[in-house]
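Here numbering that gives the first Met the number 0 is used: the first residue of the sequence shown is 0, the next is one more, and so on. Note that CB positions come from ideal geometry on N, CA and C, so glycine has one too. Shown next, in structure tokens, is the structure this report addresses.
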Amino acid sequence: MSITIAAFSGSLRKDSYNTKLIKAFEQLAPEGVTIETIDIGKLPLLNQDLETDLPQSVKDLHNSIDNADAILLATPEYNRSYSPILKNALDWGSRPQGQNRWNKKPAAVTGCTPSVLGTFGAQNHLRQVLTYLNMYTLQQPEFYLGSVADKFNDKGELTDEQTKKKIIQFWATFIEWINKIK
Ligand SMILES: Cc1cc2nc3c(=O)[nH]c(=O)nc-3n(C[C@H](O)[C@H](O)[C@H](O)COP(=O)(O)O)c2cc1C
């Protein structure tokens, strides 16, 4: 089995829990799974004027999506929605018109917050957009991680055993989903 996953954290914060969550997913990935973490902080804010001569960062994003078998997203929650940084990347991936790179990509949505709800509001909005982009988003299991400050150590490593178990189970279902769609 050889599967390439393009992974996106919706936070640019240096100590982002969502970026740490992506790293934990990478560390717990099954054999044969390669994670390419995409830096979406370099993308310009969406501006259709740039579509006539796409910036290199947008071309790189397009290539990363094209080369990926599937997409893994970790979103923070901002005012009960998902992150604008992630929206910017989703929008660039769908442009220019008629060249939606996300089309028919299997995807999984995750996210974490310091508070208890664990990005329910954010993921709820995010899933709507992925549906419009015609991505095949894994429905179950959902992955909400709250009280995240207790689950990572000072080095940014996931230490919570229950969450590790949850990630391993999540991977198993996600890989099954990707293979079904392939
Ligand atoms: C503008 C803004 C709005 C926020 N709104 C919410 C929210 O609606 N729900 C929530 O649980 N946390 C909210 N938070 C707190 C974030 O969940 C928290 O800052 C989190 O650590 C951000 O993710 P990161 O660690 O990956 O950067 C908000 C933070 C900011 C900056």
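In this structure, the straight-line span from the alpha carbon of residue 8 to that of residue 71 is close to 9 Å.
Look at residue 56 here: in three-state DSSP terms it is helix. Per DSSP, the unbroken beta strand (DSSP E) holding residue 32 starts and ends at 32-36.
In the structure shown, residue 28 falls within a coil segment according to DSSP collapsed to helix, strand and coil. Under the three-state reduction of DSSP output, residue 136 falls in the strand class. With 5 Å as the limit between CB and the heavy atoms of ligand 1, the residues that fall short of it are 10, 12, 15, 16, 17, 75, 76, 77, 78, 79, 112, 114. The alpha-carbon of residue 29 is positioned some 11 Å away from that of residue 166. No Cβ-Cβ contact shorter than 9 Å links residue 69 with residue 22.
No Cβ-Cβ contact shorter than 9 Å links residue 155 with residue 111.
Residue pairing for residue 105: DSSP places it in a beta bridge opposite 135.
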